[in-house]
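Report on one structure; see the data block that follows.
4 protein chains.
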Amino acid sequence: MRPTIGFLGTGSMGHPMVVNLLKAGYTVRVWNRTAERAASLAAQGATILSLSEEVAEPGALIISSLSTDRVLNEVVGGNHALLRKLGPEGIHISTSTVSPETSRNLAEGHRRYGVTYLAAPVLGRPDAAADAKLSIFLSGPAQAKERVQPVLRALGPRVFDLGEDPGAANVAKLACNFLLASAIEAMAEAFALVEKNGIDRRRLADLLVQTVFDCPAYRNYGRQIAEQHYQPALFKLSLGLKDISLTLESAASSLVPLPLASLLRDHLISALAKGRGDFDWTGLAGEVSEAAGLHQSSAESNDTEADAYAESGFDSQYR
Amino acid sequence: MRPTIGFLGTGSMGHPMVVNLLKAGYTVRVWNRTAERAASLAAQGATILSLSEEVAEPGALIISSLSTDRVLNEVVGGNHALLRKLGPEGIHISTSTVSPETSRNLAEGHRRYGVTYLAAPVLGRPDAAADAKLSIFLSGPAQAKERVQPVLRALGPRVFDLGEDPGAANVAKLACNFLLASAIEAMAEAFALVEKNGIDRRRLADLLVQTVFDCPAYRNYGRQIAEQHYQPALFKLSLGLKDISLTLESAASSLVPLPLASLLRDHLISALAKGRGDFDWTGLAGEVSEAAGLHQSSAESNDTEADAYAESGFDSQYR
Amino acid sequence: MRPTIGFLGTGSMGHPMVVNLLKAGYTVRVWNRTAERAASLAAQGATILSLSEEVAEPGALIISSLSTDRVLNEVVGGNHALLRKLGPEGIHISTSTVSPETSRNLAEGHRRYGVTYLAAPVLGRPDAAADAKLSIFLSGPAQAKERVQPVLRALGPRVFDLGEDPGAANVAKLACNFLLASAIEAMAEAFALVEKNGIDRRRLADLLVQTVFDCPAYRNYGRQIAEQHYQPALFKLSLGLKDISLTLESAASSLVPLPLASLLRDHLISALAKGRGDFDWTGLAGEVSEAAGLHQSSAESNDTEADAYAESGFDSQYR
Amino acid sequence: MRPTIGFLGTGSMGHPMVVNLLKAGYTVRVWNRTAERAASLAAQGATILSLSEEVAEPGALIISSLSTDRVLNEVVGGNHALLRKLGPEGIHISTSTVSPETSRNLAEGHRRYGVTYLAAPVLGRPDAAADAKLSIFLSGPAQAKERVQPVLRALGPRVFDLGEDPGAANVAKLACNFLLASAIEAMAEAFALVEKNGIDRRRLADLLVQTVFDCPAYRNYGRQIAEQHYQPALFKLSLGLKDISLTLESAASSLVPLPLASLLRDHLISALAKGRGDFDWTGLAGEVSEAAGLHQSSAESNDTEADAYAESGFDSQYR
């Protein structure tokens, strides 16, 4: 019989993760700040609870999927009732993209209650979560990592072990998001250059994925940027700024200059300053276009166009 | 019976291209500045000539594979005997990575002799040229592009038509090289960050190609940068600087700011200033490591190590 | 008769400020974390106290000169005994370079005790403090600003009123330090360029201050950078990084991209990564020289040289 | 009796220089591409000639004030009739801001005719030229520099000798213009930061010149940038881009990365892309404002406002 799992946070990522845990046969006890958003999970077999500490059982697992470092610190890090109840043998799997410093501090705080903290940030967007195709970056004590393997397999096929440092998985995740944003910036500049030389942006996007850039990062983002199609957001620009800022803070504390990350941050801040925080983060390409004197395409694309786009096989597995 | 082709420049790219043309049944008339380097092609059936204009026959094709804009201008652009001999119906397929301005000027100059200029820069390194796996970017008059298709198919399986502007294919090629250099910079920064957080650089490189960056650009370069293995060069850093400089010049003349390209240029210049112009262009990652206070690995790797590396399946198809 | 002033923090800036207050006839009650460093002030008439809250008298003034936002928050912001004792009519003049957010938060916290917080960061190095030549940036409630004028005049001849927002004076001070660091970077680049063209760096430094850059910023820093004379520090590089980081954080929270500040931060981080945090902050010029393949001059200049330098009239009034 | 001087180019800088030479008692023979623009100088005693080579007399001096490297190369460098007539003992004083490479090439070309080339770029705007207050950077053979001193003194009070390398004076001049543009960028960023924090931009501009930045560069430009007053141009943005581009080319050929110059170039290109090439070069500050989501002030200021501005004592001596 499969163990009970406590789950904190059923937003766009947490919700499909709970569904997959239920499908895999786990008993799941769920809490969400706005309980209504969790309600539909009850029909699928989850128990909905009104206090976060109620999800925990002694020595069991809890999984969190929360939006920021601050919320994670409040809901779990500062929640003594929860940690006390979880107690020795308890494990907290933290799937949020937070700073390595936050993970290291939480790990230390958890230890006072005998609880093991595992950093397990996930790579993939909501649809990948729904398809149980997330890639999971994992770090923390070896024994705990061994124990949670079956649970993680219910969420995605690939688990990458980054070692014992609870901050390591977060560093690796931040590095991936930084690499994605860098690819967005590079394409934005390349597309502006070809556009001003009379070449269709989509022509270059297609050419890239037929040669050296034949991978999801360029396939997915290339088309969005070529078509300047930044809404609706699959991953919000404001969250992109959060992640690049965390990357730079982490780099500063380990004394690593990241000039390309600095450049990305400047463009993301500029997009926010112009009121584009709710655009998809590929929208940072708009800054590049504007600096070249090119106008952004209208944000109000009609639905037909958007549908055609969606049907064309756009693969939104990863972010 | 297949037509005769004149070929100018049998360096590391031109040489294997001639071999493939001979294999495909073409008669090839070859010229190279240092004739000895072309000599071995005679055994394979090529005719070696001592004057560049001798490779041309009236109304035939010539292909050039020359190192820089200046050399291309001298050997072909300013070579009236050659262009006159080639004459109406003659076509010049220019495979070098040069500026779009150079191509546009050459196209105009050729027209005075009735010769058609086609820009046909190739994506791929010497081994891809040897395997007839080059990707070819093509632009110029439609009729000429149609006529040269069979010849290009002997060099690589993919021909991308970029339109009539003779500069367009060069713009697209520069854009690709810029995107590759951007990926190098991004990985260099990401690897420095994880290294200073105690994570093996190769671990991140492996993880990337198993998730969103599963493509030749990241597979090939990722490993080189992770291992800081910058010699021998597959594509020299000094040539990388040439290409990024051409990209910036072309962007300036079409009024497109490219802040990421500017960053790349600064790092490439710095590497040259430190005497690393003959490193592979992935060596620009060394600038990132040094700025983080990390030491570059020794350049004098022993042969055993290098062999193991080569045998490990490194795919050097593209640059 | 002049009022009593409480003074918190007698480091390299605070110490000479206390001396000037005593000279001006004020009664000064002093606290410093390491009491020995304050001891010499007793001989000049100050009262040395062992608890920070003891410096306060009901309705009186206190002045703080503390190194970082964290220390200021601990020593004053979180010191309820101190604020309660100071009480209504009490004023706290905060001379440290901290973030505007810190000032705004402190102002709010002080108000609960009826205490008025004034941000009063100072421009000038220790010798300017000793000569009572500091420039003072002041913001906060008008009435309190009016009341403290005579006290501030004992510290420097120029007081700049930045308005009511307690964060405004800090923003202006950060902007000044950012402008100084920008001038350092610009000179570093210009000097590297001329040096590699065979021109003596000092030649350009001299020329600048005889033409359009005839002001303390370029006069003082220009020579240090030209001579690559980065020790001993007049203002430590690690503090420079702190200030530029505060500038960028403040800019991010008001959504202002500062690409030049980002560049400065990268160079300062790099210098720290190489173990140069105790250099003068002009030492960021070393990063520029190294990137150009130029070697930094030896840090171990002999004393004779250093003396000659000191006697040459170097004006260290400002930083 | 004072020698005859040939003068090539009577644009906004050359015209007032000729007037000062006439005032100083020299006989001046003038050529300008559009002769009408030189006509008014006839009334003041100059001889207007229709062919450029006519201004030269054997062994005499000529001075050129031409807009770009290309024009200088055409009007003088490639003008064999002119150089032959000037002949041994002839001296050409080149006051344009051109690349050091252009100066070095011209010096070599002149030597074939026995003519000495002196690089003598000037710092100062048209009004400084009119007031004979230009600063002159001079390099070339010592004997010739000695001989031209009296002539240069008629143009400005300060001559800076940069040595024998004919390119050295140009390098120094480019370095100065780069430093000016850097100060513009730094102020633009600082002003955007304070503006978004509710502080009047002019308040910071005033504060700067009362403290550490009390010099013409910050006094003149600070106010223009604070008021976002970019027209009419005292020095056109398009010329600023030319100079920063020359700086970067020169730096690249001596292998010096200049990240701040790269940043400036990107902002200048962006301004041109938006149709602001005729703005004053302080207008690059507009790019910084826009990236922060701030609107530029209207370009159509009425005349009254512009007059008030002019009367307010703006000191336009330098650029």
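Residue numbers (the numbering used here), protein chains in the order written: chain A, 1 to 319; chain B, 1 to 319; chain C, 1 to 319; chain D, 1 to 319.
For glycine and all other residues, C-beta sits at the position ideal for the given N, C-alpha and C.
For residue i and residue j, I'd like the C-alpha separation in whole angstroms.
i	j	result
glycine 222/A	isoleucine 63/D	55 Å
glutamine 149/D	glutamate 164/D	15 Å
leucine 49/A	glycine 156/A	26 Å
aspartate 161/D	threonine 4/D	24 Å
arginine 276/D	leucine 284/D	9 Å
isoleucine 244/C	lysine 145/D	45 Å
proline 126/D	lysine 23/C	52 Å
leucine 321/D	leucine 21/D	The shown model of chain D, from 1 to 319, leaves out residue 321/D, and the question about it has no answer.
aspartate 69/B	serine 99/B	7 Å
alanine 129/B	serine 96/A	46 Å
leucine 294/A	alanine 181/B	24 Å
valine 76/C	leucine 237/C	26 Å
On the CB-based measure, 16 or more other CB atoms within 10 Å of its CB, does residue i come out buried or exposed?
i	result
glutamate 290/A	buried
glutamine 143/D	exposed
aspartate 266/C	buried
glycine 6/D	buried
glycine 78/B	exposed
leucine 204/D	buried
proline 16/B	buried
leucine 8/A	buried
alanine 35/C	exposed
leucine 179/A	buried
Compare the C-beta of residue i with all C-beta atoms of chain B and state if any pair is closer than 8 Å.
i	result
glycine 283/C	no
glutamate 249/A	no
Of all the CB atoms in chain D, is at least one closer than 8 Å to the CB of residue i?
i	result
glutamine 149/C	no
serine 270/A	yes
serine 262/B	yes
proline 166/C	no
arginine 202/C	no
What residue from the options has the CA that sits closest to residue i's CA?
i	options	result
proline 257/C	Val256/A, Thr247/A, Lys274/A	Lys274/A
valine 194/D	Ala175/C, Trp281/C, Leu193/C, Glu227/C	Ala175/C
valine 170/D	Leu8/D, Ser139/D, Arg84/D	First, the residue type needs correcting, since residue 170/D is asparagine and not valine in the sequence shown. It is Ser139/D.
leucine 246/B	Val28/B, Ala186/B, Asn177/B	Asn177/B
alanine 183/B	Trp281/B, Arg147/B, Glu108/B	Trp281/B
asparagine 197/C	Ser254/D, Val76/D, Gly240/D, Leu264/D	Ser254/D
asparagine 32/D	Leu41/D, Tyr26/D, Gly25/D	Leu41/D
proline 141/C	Arg158/C, Gly114/C, Lys133/C, Ala132/C	Gly114/C
glutamate 61/C	Met13/C, Leu51/C, Val71/C, Val30/C	According to the sequence shown, residue 61/C is leucine rather than glutamate. Looking at the Cα atoms, Val30/C is the closest of the given residues.
alanine 154/D	Ala172/D, Leu234/D, Tyr26/D	Tyr26/D
isoleucine 93/D	His80/D, Gly14/D, Ala251/D, Lys242/D	Gly14/D
serine 12/A	Leu234/A, Lys133/A, Ala226/A, Leu264/A	Leu234/A
leucine 264/D	Ala292/D, Ala226/D, Thr10/D, Ala188/D	Ala188/D
Between residue i and residue j, how many whole angstroms is the CB-CB distance? I'm expecting something under 8 Å.
i	j	result
glutamine 228/D	phenylalanine 279/D	Not quite, the Cβ-Cβ distance comes to about 10 Å (not below 8 Å), so this is no contact.
proline 58/A	lysine 85/A	7 Å
valine 209/A	proline 216/B	Going by Cβ atoms, the distance from valine 209/A to proline 216/B rounds to 11 Å, so no, they are not a contact pair.
leucine 123/D	serine 135/D	4 Å
isoleucine 269/D	leucine 241/D	7 Å
Would you please verify whether the beta carbon of residue i is less than 8 Å from any beta carbon of chain C?
i	result
alanine 310/D	At alanine 310/D, the pLDDT of 34 sits below 50, so the modelled position is not reliable; the number obtained from the coordinates is stated separately. Alanine 310/D does not count as touching chain C.
leucine 255/A	yes
Under a CB-based cut-off of 8 Å, is residue i close to chain A?
i	result
isoleucine 63/B	no
aspartate 278/C	no
glycine 286/D	no
Are any of the Cβ atoms in chain G nearer than 8 Å to that of residue i?
i	result
aspartate 206/A	Of the protein chains in this structure, namely A, B, C and D, none is chain G.
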